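As you go down the protein sequences, you meet chains X and W in turn.
For the first sequence, our numbering gives the first residue as -13, with consecutive numbering after it.
For the second sequence, our numbering gives the first residue as 4, with consecutive numbering after it.
See below for the structure under consideration.
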Amino acid sequence: MPDEDQPAIVLDGVSARSGREFTLGPLDAAIPRGWTTAIVGTNGSGKSTLFRALLGLAPLAQGKLEVLGTQVRPGCDERYKEKIGFVSENGHGCENSMTAKEKAAFASAWYPAWDPPYYRRLVRQFDIDEKTKLGKLSKGMRRKAELAVAMAHRPDLLLLDEPTSGLDPMIWKIWLEELRTYLADGDKTLLIATHITEEVRRLADYVLFLHRGRILAHYEKDRLFDEWRELLVQGTGMMSEADAVRLLEETPGICRVERDGPGLYRAQANGAGQAGRLASRLDVYGFRTLESRRMELEDILSCMIQKEDKNLEPA
Amino acid sequence: MWLPVKIDERRPEPLYHQIESQLRGLILGGQLQEGTALPSIRELAASLRCSAITIRRVYQDLENEGLIRTRQGAGTFVAGVERSDRDRHRLGRAAEQLEQAIDAGLQLQCSLEEIESLFMELVRSKSATSTGGYPDA
């Protein structure tokens, strides 16, 4: 099993600028080696800038960034990149006139660990069109070719930025299977930015929530779904509905409250796992919890954003 | 290998607890026999759509309890289980289920006396049709 004492990526107060308006960070996080971390965020959350920073393509304004044991800074030893596979959100324009075959030939010269039989297998599995120029391929077709090239040197760290947008469901399934085989050896680290809930569900071990350039939360995935619950609670007859809603809304951990029939309320809450203090707190107020259901990723994200925005409001 | 483990999104227990207790049940209940190879951590995580961290934790706990064994390079296997452990588990599980049924009765405003007489009635009608008991006794 992987050595968790040695993270694949360490962000220590990292901030980077992208364009005139956007600032990423400051970010503090350790991405564990040997596990899959999903980055989940809204558009413009800074996912792509983060990937560029990891590859030394977005200069740091501040902080210290370590990737696979190398401190990333101008003039650093760039060999760490040989152990990285990267698929960017949008294909590189400069590769438009290349075919997949040419791109692979170029990559195979660059990566010492390039594995030709493995690449051939990915070409077959993904049904890749090797002869058409990348710029002429549909988004999904191009994506497949880029994924195969990014994986063919069996990188220690695979960085995927929205890798599957445009893939058809058949290829998506094959891709998941291939990715699982790739991860099976236990030492590979995958960092994947995705807004596809199913990919987070099936792939991730950790989830990093990014919003407006900042980390909202960094969770072990199953703890995330254990902790965030939608509760169906019943109020006492003694309390008016408005009072009940207010009381629920003021309860720490509860983020969103809706009425759901007479005397019934739906509350989305953090810290609602078994060991949480939330249930006993509700008990004290006289609420009875009838149901506790796991929440969808999107709802958790929107709760976190709502809370963050509330915190930013001037008091 | 496919395991009959089901995750109930509405149960309050943490995910690892649900998976662990079901797997323990399959082993102690005899559905998984000694020597059976279990799926790899990643395989099981993928099929249950949970994190590999959770499965690793489950396997570690069950290994500490002596219910499974990991052989380096070969995988994870079901260990031998004492008859007394199986009995304890069997009765414990049954008690849990009965307790849930009693709670359901109480929620329906039944008194304990009413529940008791219902229970005895049901036991009598069952004993007319089934002998019950241990499957391999």
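Here a beta-carbon is modelled for each residue, glycine too, at the ideal position from N, C-alpha and C.
Keep in mind that this is a model prediction, so the values were computed, not measured.
When 7 Å is used as the limit between beta carbons, ALA49 of chain W is near these residues of chain X: ARG166 and ARG188, in chain order.
Shown here for TRP214 of chain X: same chain residues with a beta carbon closer than 6 Å to its own, the five before and five after excluded, namely ASN256, MET281 and ILE286 in chain order. When the Cα atoms are used, LYS130 of chain X and LEU43 of chain X turn out to be separated by approximately 24 Å. Think of a sphere of 7 Å around the beta carbon of CYS53 of chain W: the chain X residues whose beta carbon falls inside it are ASP208, in chain order.
When 9 Å is used as the limit between beta carbons, ARG93 of chain W is near no residue of chain X, the shortest such separation being about 25 Å. Interface annotation, LEU18 of chain W: in contact with chain X, CB-CB separation under 8 Å. Between the stretch 82 to 90 of chain X and the stretch 153 to 162 of chain X there are fewer than three inter-stretch CB-CB distances shorter than 8 Å, so the stretches are not counted as touching.
What SER288 of chain X touches in chain W, judged by beta-carbon distance under 9 Å, is nothing: the nearest beta carbon there is about 19 Å away. Within the stretch 167 to 213 of chain X, the runs of beta strand (DSSP E) at least 3 residues long that lie entirely inside it are, in chain order, 175 to 179, 192 to 197 and 200 to 206. In the same chain as GLY152 of chain X, and ignoring 5 residues on each side of it, the C-beta atoms closer than 6 Å to its own belong to LYS125, GLY126 and ARG129, in chain order. Look at the stretch 8 to 35 of chain W: the residues with a C-beta under 7 Å from a C-beta of chain X are GLU12, ARG13, PRO15, GLU16, PRO17, LEU18 and TYR19. Among the residues of the stretch 265 to 299 of chain X, those with a Cβ less than 7 Å away from any Cβ of chain W are GLU277, SER278, ARG279 and ARG280, in the order of the chain. Rounded to the nearest angstrom, the Cβ distance from THR132 of chain W to PHE80 of chain W is 39 Å, too far for a contact under 8 Å. Taking the Cβ atoms as the reference, VAL219 of chain X lies roughly 5 Å from TYR251 of chain X, within the contact range of under 8 Å.
DSSP places GLN21 of chain W within a helical segment (H, G or I) once states are collapsed to three. Inter-residue distance for GLU12 of chain W and GLU216 of chain X is about 11 Å (C-alpha atoms, whole angstroms).
Between ILE56 of chain W and chain X, the shortest Cβ-Cβ separation is below 8 Å. DSSP, reduced to helix, strand and coil, places LEU26 of chain W within a helical segment of the structure shown. When DSSP states are grouped into helix, strand and coil, GLY95 of chain W belongs to the helix group. Around the CB of TRP21 of chain X, 16 or more other CB atoms lie within 10 Å, so the residue is classed as buried. No residue range can be given for SER31 of chain X, since it is assigned to no beta strand (DSSP E) and is classified by DSSP as neither H nor E. In this structure, the beta-carbon distance from ALA15 of chain X to LEU194 of chain X falls below 8 Å.
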